[in-house]
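S.K.: Taking the numbering used here, the leading residue of the sequence shown gets 268, the next gets one more, and so forth.
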Amino acid sequence: MNQVSSRTSPCLPFFFNWPPFLHAYFYCPGKEAAMGSIVVSLSCTAYLRGACLRNKLKMQMAGMVNFGFKIIICLCLQAIFTSPATSQDTLTIRYKKYDTSAVNAPSMFADTSMPQQKYKPYPAIRPTSNGYVALTQKQVKSRVRLVAIANVVGYSSILAGLNADWYSNYPRSKFHTFNDIPEWLQVDKAGHMYGAYIESRLSMELWRWTGISQKKRIWFGGLSGVLYQAIIETLDGFSSGWGWSWGDIGANVAGSTTMIVQELAWNDQRIKLKFSFHRNDYGEPALNLRADKVYGKTLAERFIKDYNATTFWASANMKSFLPQSNLPPWLSVAVGYGAEGMFGARDNTTKDDNGNITFDRRDIKRYRQWYLAPDIDFTKIKTNKKAMRFLFTVLTAFKFPAPSLEFSNGKFKVNAVTF
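1) Is the Cβ-Cβ distance between Phe544 and Phe579 less than 8 Å?
2) Taking the CB atoms as reference points, tell me whether Gln636 and Ser675 lie closer together than 8 Å.
3) Work out the CA separation of Arg613 and Glu450 for me, nearest whole Å.
4) In whole angstroms, what separates the C-alpha of Ser470 from that of Asn621?
5) For Lys632, which residues in the same chain have their Cβ closer than 6 Å to its Cβ, ignoring the five residues on either side in sequence?
6) So, under 8 Å CB-CB, Gly504 and His443 are touching, yes? Tell me the CB distance rounded to an integer number of Å.
7) Span of the alpha helix (DSSP H) holding Lys586?
8) Can you list, in chain order, the stretches of the alpha helix (DSSP H) that have 4 or more residues and sit fully within the stretch 467-523?
9) Given that a residue counts as buried once 16 or more other Cβ atoms are within 10 Å of its Cβ, and exposed if not, what is Thr625?
10) Buried or exposed, going by whether 16 or more other CB atoms sit within 10 Å of the CB of Thr577?
11) I need the straight-line Cα distance from Arg475 to Ala558, nearest angstrom please.
12) Considering only the beta carbon of each residue, do Gly522 and Tyr461 sit closer than 8 Å?
13) When DSSP labels each residue in this structure, what does Glu450 get in the three-state scheme?
14) Who pairs with Thr577 in a beta bridge, going by DSSP?
15) Could you tell me the alpha carbon to alpha carbon distance between Cys311 and Gly508, rounded to whole angstroms?
16) Out of Asp447, Trp597, Phe487, which one is the CA nearest neighbour of Thr660?
17) If you follow the beta strand (DSSP E) that Pro438 is part of, which residue opens it and which one closes it?
18) By a C-beta neighbour count over all protein chains shown, 10 Å radius and 16 as the cutoff for buried, is Asp619 buried or exposed?
19) Assuming Lys666 contacts Ala567 under a Cβ cut-off of 8 Å, what Cβ separation, rounded to an integer in Å, is found between them?
20) From Leu344 to Ala427, what distance separates their C-alpha atoms?
21) Can you tell me whether Lys678 is buried or exposed, with buried defined as 16 or more other CB within 10 angstroms of its CB?
22) With 16 other CB atoms within 10 Å as the buried threshold, where does Gly492 fall?
23) For Asn418 versus Ala463, is the C-beta spacing smaller than 8 Å?
24) Which residues in the same chain have their Cβ closer than 6 Å to the Cβ of Lys647, if we skip the five residues on either side of it in sequence?
25) On the three-state DSSP scale, how would you describe Asp455?
26) Let me know the secondary structure DSSP gives Phe445 once reduced to three states.
27) Can you list, in chain order, the residues of its chain whose CB lies under 7 Å from that of Tyr634, leaving out five sequence neighbours each side?
28) Rounding to the nearest angstrom, what Cα-Cα distance links Leu672 and Tyr549 in this structure?
29) Can you name, in chain order, every residue of its own chain whose Cβ lies under 6 Å from the Cβ of Gln536, other than the five neighbours on each side?
30) Who does Phe657 pair with in a DSSP beta bridge?
31) Going by the beta-carbon positions, is the gap between Val407 and Gly478 smaller than 8 Å?
32) Over what stretch of residues does the alpha helix (DSSP H) that includes Lys618 continue unbroken?
33) Ile571 lies in the alpha helix (DSSP H); which residues open and close that run?
34) Ile465 to Ile538, Cα distance in whole Å?
35) Using DSSP's beta-bridge definition, name the partner residues of Val600.
36) With DSSP as the reference, identify every bridge partner of Ala669, one or two as the case may be.
Following this line, the structure appears as structure tokens:
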């Protein structure tokens, strides 16, 4: 497979039988090679290629991969639903409690033969070190065990499937490094940073649900993103078709660190990393043909692989930094980074196995794009409906379309809407 087109694969799985918004949320672009494509191929190639035995093996592997990740995702959803970080729950519950020590009527008229009913407010989520109603040690241990097993089973399933479907297609080699920092004008590195950040946040919410202390769930969750990506980099390092990339590792560390530092400093994600995408039409038939080869033909493939159509954002919530202001709590300001004119990893040429140039568009300039735009922090919109809270949590991974100020090619321009 052409190295140019394949290193842009995502890391998290794409399940065809899940709702489209879950596809978008968990199918993070710019992350380590092939973890998404392994699930896609395992899910469908069993019906399309190979002998019956190979097909059966592929189907079984696909089921194992899907099962493992569905365990993790279900726990993620439970953590998101019940987490005080996303619940915005200021309601209180009231229930009857008998209290014989408190009688409001004067003692000479009070009937003390029966206990008096007194209603006391109790917070729906009591303030504790982990944000939840205090759990017993047995409950904490049980939840920790469940989350740990889910992580091991789910991730091991993905690694097994990835090895069978992807790395087995390339010869093994001694461990080696691969310098891909100059590629794709570093948009892929922004994607690695975003992917590790999202993984770390999801993992942190899982550990929050277990009831462990605040620092533990921050560090466990934060380091998960780096660890998961490092394992994939290690597999790359032993594959002749790839190699260990220090650039990818640095971007992964930056993404997880972004989550960890904010939680330790503010117990909140005031600056959220986000992603946006638009479908590109390259105008010329030759360019569209090249884009189909490098980035794929379908919208799903372009969503993952087309770095010309991808922008990564750092979105800062204004009210969090200016609490005394009259700004709406949902208003954010985002800085974005993207690039255009890329039809190859390092330049706009490609050669066949014999060294003959098969594509040459060095006349097309490759350039970076910087954006400044307003944004919406959906997690700051209060609602008591769990479905809406979950939807807002999903939407917060993406930049809201809005007008923007763009700086590219040495000049500024205003865009009516930037996706």
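Even glycine gets a Cβ: it sits at the ideal position worked out from N, Cα and C.
Given the structure is predicted, the values throughout are model-derived calculations rather than measurements.
M.R.: The short version:
1) Not a contact, by the Cβ cut-off of 8 Å.
2) yes
3) 5 Å
4) 46 Å
5) Gly608
6) 6 Å
7) 585-588
8) 481-504
9) exposed
10) buried
11) Going from the Cα of Arg475 to the Cα of Ala558 covers about 42 Å.
12) yes
13) helix
14) Phe544
15) Confidence in Cys311 is poor, its pLDDT being 35 and thus under 50, which makes the residue's placement too unreliable to answer from.
16) Trp597
17) It is not in any beta strand (DSSP E) - Pro438 carries neither H nor E in the DSSP assignment.
18) exposed
19) Not quite, the Cβ-Cβ distance comes to about 19 Å (not below 8 Å), so this is no contact.
20) With a pLDDT of only 48 at Leu344, under the threshold of 50, the placement of this residue in the model should not be trusted, and no figure is reported.
21) Answer is exposed; the Cβ neighbour count stays below 16.
22) buried
23) no
24) Pro596, Trp597
25) Reduced to three states, the DSSP call for Asp455 is helix.
26) coil
27) Ala606, Glu607, Gly608, Ser675, Asn676
28) 23 Å
29) Gln529
30) Note: Phe657 sits in no beta bridge, so no partner.
31) With respect to the 8 Å criterion, Val407 and Gly478 are classified as neighbours on the basis of their beta carbons.
32) First-last for Lys618: 616-618, but that is the beta strand (DSSP E), not the alpha helix (DSSP H).
33) 566-572
34) 13 Å
35) In DSSP, Val600 forms a bridge with Ala583, Pro641.
36) Thr685.
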